[in-house]
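Enquirer: The UniProt record's numbering puts the first residue of the sequence shown at 1, with every later residue one more than the last.
Just so it is clear, CB atoms sit at the ideal spot from N, CA and C, and this is done for glycine as well.
Just so we're clear, the structure is a prediction, and the values are computed from it rather than from any experiment.
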Amino acid sequence: MTTKAQSYLTHFRNIGIAAHIDAGKTTTTERILFFTGRNRNIGEVHDGAATMDWMEQERERGITITAAATTARWTRSGTNDEYVVNIIDTPGHVDFTIEVERSMRVLDGAVAVFDSSQGVEPQSETVWRQADRYGVPRIAFSNKMDKTGASFELVVNDIRERLGAIPAPIQYPMGQENEFKGIIDIVRRRAYTYTNDLGTEIEEHDVPAEFEAKVAEMRQQLIEAAAEVDEDLMMMYLEGEEPSVEQLVAAIRKGTVEKKIFPVLCGSSLKNKGVQLLLDAVVDYLPSPLEVPAIKGKLEDSEETVEFPADPEGKLAALAFKIMADPYVGRLTFVRIYSGTLQSGSYVYNASKDKRERVGRLLKMHANSREEVTELKAGELGAVIGLKDAGTGNTLIADGEDRVLLESIDVPEPVIKL
Ligand code: GDP
């Protein structure tokens with residue numbers, strides 16, 4: 001049961017973007033920040049020239065994608081539903097595998113980016129296994145569809161064969177390589193093409209006749225995969241009834257959260273194609289903090305575990321997952337709040353260090369700005385200024401509470417170096 005106090009969490013997505021080096025993680029993240037920065041969802045009309053200027057300026061200034069967690073907002077295309085999308089930086093280099101593991105701990109879902117001309121590369125496999133270990137639901141983005149050698153089928157087959165997962169293509173590219181023109185949404189049976197180079201002007205239309213048979217076949221497979229994880233859909237399927245778009249989305253999302261289905265999307269982040277559709281898929285198919293299992297903690301000197309469900313009115317439980325030195329404000333401790341509310345100026349108990357610590361100011365990081373806030377609530381991520389002792393992986397709970405440590409983020413098994 002979701003209480004009124006928890007209801008904002010249904011519109012939260014805490015995600016990471018994981019990829020093999022060179023697959024396009026940076027470009028994809030940049031484009032996500034570009035599109036969320038102005039909330040350019042499909043259907044809005046924009047002034048192309050102004051957009052161009054803005055993007056150029058951003059490029060010159062350099063979008064700040066170095067924050068350990070960046071807060072963005074996205075209104076799902078075709079709706080007025082605004083979502084908070086926190087993008088957690090997951091380091092992509094093999095050397096930082098432990099760092100990857102740490103960041104996996106604080107996200108509720110991930111976008112795995114693949115280079116569609118390369119398929120699933122060894123390092124993507126490593127990151128995929130880490131996500132498996134931490135139970136992170138994923139959607140896959142077959143990037144670089146414009147590149148010579150690009151093949152959506154290659155990525156889909158590699159997900160099945162190399163990763164042993166069940167790919168569920170929810171999109172299909174209209175053309176590949178030089179001919180890559182747009183994207184078909186298999187669930188909605190709608191086609192999207194781009195009329196400007198920035199990808200901000202999108203036309204939505206019916207599926208072109210040449211793709212109809214392919215789309216029908218893929219949609220049938222999608223319904224069958226979704227029916228496997230959703231009883232209601234299975235009943236409908238057996239009775240020959242066609243599910244509604246909403247029912248199909250809900251069932252695929254259930255399969256994604258249970259890690260039985262991996263939706264696969266496509267696009268070209270370099271050419272700005274498919275990024276808004278990717279953001280729509282993030283809100284459609286990746287879970288909110290309420291849909292993932294509550295984090296557990298171990299009570300000191302006891303075998304007892306305590307759960308901290310995502311609830312701003314619950315007991316405070318937060319995890320420090322990254323420490324960064326900032327030239328202006330000094331030491332920034334990035335935290336994820338799982339339960340309760342962290343107040344600026346308050347005292348917390350650092351259970352890992354057995355120390356009481358004072359929280360100074362609190363910040364939310366955006367692509368180009370930082371916002372000072374007075375509190376961070378359950379489900380939120382931000383940075384704390386003023387914590388002197390907190391280190392990566394430390395548990396922060398309410399001052400005066402019994403000592404409890406959130407599930408360890410130690411690497412559970414040796415990390416295989418490639
Ligand atoms: P990262 O190492 O995963 O962060 O990858 P980058 O985002 O830095 O991209 C690696 C290279 O691939 C760069 O030269 C990008 O310009 C290029 N790239 C990224 N996305 C695309 C794409 O959609 N199409 C093409 N053709 N190149 C891309």
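1) What distance in whole Å lies between the Cβ atoms of F334 and A378, which are believed to be in contact at a cut-off of 8 Å?
2) How long is the line joining the alpha carbons of L154 and Y172, rounded to whole angstroms?
3) Report back the beta-carbon spacing between L406 and L319 to the nearest angstrom; my notes put them in contact at under 8 Å.
4) Have a look at the DSSP bridge pairing and note the partners of residue 437.
5) Determine whether the Cβ of V404 lies closer than 8 Å to any Cβ atom of chain C.
6) Would you call the segment 177-193 and the segment 142-149 in contact, with 3 or more CB pairs under 8 Å?
7) Taking 7 Å as the cut-off, is the beta-carbon of S269 closer than that to any non-hydrogen atom of ligand 2?
8) Can you check whether the CB of V111 is closer than 8 Å to the CB of I223?
9) So who's on the other strand from A320, going by DSSP bridges?
10) Over the uninterrupted alpha helix (DSSP H) stretch that includes S151, give me the two end residues.
11) Restricting to Cα atoms, I'd like to know which of P263, T395, E372 and D354 is closest to G297.
12) Please determine whether the Cβ atom of D22 lies at a distance below 7 Å from any heavy atom of ligand 1.
13) If you draw a straight line from the C-alpha of G119 to the C-alpha of F308, how long is it?
14) Can you tell me the Cα-Cα spacing of R160 and N80, whole angstroms?
15) Can you give me the C-alpha to C-alpha distance between R358 and L387, rounded to a whole angstrom?
16) Alpha carbons only, please: which of F12, S7, D22 and R73 is nearest the one belonging to A367?
17) Alpha carbon to alpha carbon, how far is L332 from I63? Give it in angstroms, no decimals.
18) If L363 and E371 are in contact, beta carbons under 8 Å, what's the gap, nearest whole angstrom?
19) What do you reckon, are the CB atoms on V306 and L316 nearer than 8 Å?
20) Would you list, in sequence order, the uninterrupted alpha helix (DSSP H) runs of no fewer than 4 residues that lie entirely inside the segment 234-259?
21) Please tell me whether, using a cut-off of 7 Å, the distance from the CB of T27 to the nearest non-hydrogen atom of ligand 1 is below it.
22) Note down the Cα distance separating D311 from R105, rounded to an integer number of angstroms.
23) Kindly list the residues whose CB is nearer than 6 Å to the CB of W54, restricted to its own chain and excluding five residues on each side of it in sequence; keep chain order.
24) How long is the line joining the alpha carbons of V267 and D185, rounded to whole angstroms?
25) Suppose only complete runs of 3+ residues qualify. What are the beta strand (DSSP E) ranges in the segment 358-418, listed by chain order?
26) Compare the C-alpha of K355 against each of R403, G345 and P327 and name the closest.
27) If you follow the alpha helix (DSSP H) that Q130 is in, where does it begin and where does it stop?
28) State the DSSP-derived secondary structure class of Q176, mapped to helix, strand or coil.
29) Tell me the residue span of the beta strand (DSSP E) that contains L265.
30) Is the beta carbon of D197 within less than 7 Å of some heavy atom of ligand 1?
31) Shorter than 7 Å, the distance from the beta carbon of D89 to the closest heavy atom of ligand 1, or not?
Expert: Quick look at the numbers:
1) Here residue 378 corresponds to residue number 378 of the sequence shown, with the count starting at 1. Here residue 334 corresponds to residue number 334 of the sequence shown, with the count starting at 1. Actually they are not in contact, since the Cβ atoms of A378 and F334 sit about 16 Å apart, beyond 8 Å.
2) To locate residue 154, count along the sequence shown from 1; it is residue 154. To locate residue 172, count along the sequence shown from 1; it is residue 172. If I take the Cα positions, the gap works out to 13 Å.
3) As a position in the sequence shown, residue 406 is number 406, starting the count at 1. As a position in the sequence shown, residue 319 is number 319, starting the count at 1. Rounded, the Cβ-Cβ distance is 5 Å, consistent with contact.
4) Residue 437 lies beyond the stretch modelled for the chain, which goes from 1 to 418, so this question has no answer here.
5) Absent from the structure: chain C. Only one protein chain is present.
6) yes
7) Questions concerning ligand 2 fall outside what the structure shown contains, since the ligands it does hold are ligand 1.
8) Position 223 of the sequence shown holds residue 223. Position 111 of the sequence shown holds residue 111. Taking 8 Å as the Cβ cut-off, I223 and V111 do not qualify as a contacting pair.
9) Translated into the one-based positions of the sequence shown, residue 320 becomes position 320. Note: A320 sits in a beta bridge opposite V335.
10) In the sequence shown, the residue the question calls residue 151 occupies position 151. Looking at the DSSP string, S151 is not in any alpha helix (DSSP H), and its letter there is neither H nor E.
11) As a working mapping, residue 297 is identified with position 297 in the sequence shown. It is T395 whose Cα lies nearest to the Cα of G297.
12) As a working note, residue 22 is residue 22 in the sequence shown. Yes, since a heavy atom of ligand 1 falls inside the 7 Å radius drawn around the Cβ of D22.
13) In the sequence shown, counting from the first residue as 1, residue 119 sits at position 119. In the sequence shown, counting from the first residue as 1, residue 308 sits at position 308. Looking at the two C-alpha atoms, the distance is approximately 39 Å.
14) To locate residue 160, count along the sequence shown from 1; it is residue 160. To locate residue 80, count along the sequence shown from 1; it is residue 80. Going from the Cα of R160 to the Cα of N80 covers about 36 Å.
15) Position 358 of the sequence shown, counting from 1, holds the residue named residue 358. Position 387 of the sequence shown, counting from 1, holds the residue named residue 387. Cα to Cα, the separation comes out at about 6 Å.
16) Here residue 367 refers to the residue found at position 367 of the sequence shown. Checked all of F12, S7, D22 and R73; the closest Cα to A367 is R73.
17) Residue numbering aside, residue 63 sits at position 63 when the sequence shown is read from its first letter. Residue numbering aside, residue 332 sits at position 332 when the sequence shown is read from its first letter. With a pLDDT of only 47 at I63, under the threshold of 50, the placement of this residue in the model should not be trusted, and no figure is reported.
18) In the sequence shown, the residue the question calls residue 363 occupies position 363. In the sequence shown, the residue the question calls residue 371 occupies position 371. Right, the Cβ-Cβ distance comes to about 7 Å (below 8 Å), so this counts as a contact.
19) For the purposes of this step, residue 306 is identified with residue 306 of the sequence shown, where counting begins at 1. For the purposes of this step, residue 316 is identified with residue 316 of the sequence shown, where counting begins at 1. Going by C-beta atoms, V306 is not nearer than 8 Å to L316.
20) 245-257
21) Working through the sequence shown from its first residue, we reach residue 27 at position 27. Yes, ligand 1 has a heavy atom inside 7 Å of this Cβ.
22) Numbered from 1 along the sequence shown, position 311 holds the residue referred to as residue 311. Numbered from 1 along the sequence shown, position 105 holds the residue referred to as residue 105. For D311 and R105, the distance between alpha carbons rounds to 18 Å.
23) By 1-based counting over the sequence shown, the position of residue 54 is 54. Only weak support exists for where W54 lies, its pLDDT of 49 falling under 50; the coordinates are left without a value.
24) Your numbering for residue 267 matches position 267 in the sequence shown. Your numbering for residue 185 matches position 185 in the sequence shown. It is worth fixing the name first, because residue 267 is Gly in this sequence and not Val. In a straight line, the C-alpha of G267 is about 12 Å away from that of D185.
25) 362-365, 370-373, 375-377, 381-385, 395-398 and 404-406
26) Stepping through the sequence shown from its first residue, residue 355 is reached at position 355. Of the candidates R403, G345 and P327, the one whose C-alpha sits nearest the C-alpha of K355 is R403.
27) Position 130 of the sequence shown holds residue 130. Its alpha helix (DSSP H) spans residues P122 to R133.
28) Here residue 176 is taken as the residue at index 176 of the sequence shown, counted from 1. Reduced to three states, the DSSP call for Q176 is coil.
29) Taking the first residue of the sequence shown as position 1, residue 265 is located at position 265. Looking at the DSSP string, the run of the beta strand (DSSP E) that includes L265 is F262 to C266.
30) Numbered from 1 along the sequence shown, position 197 holds the residue referred to as residue 197. Checking the Cβ of D197 against ligand 1 gives no.
31) The count along the sequence shown starts at 1 and reaches residue 89 at position 89. Result no, Cβ not under 7 Å from ligand 1.
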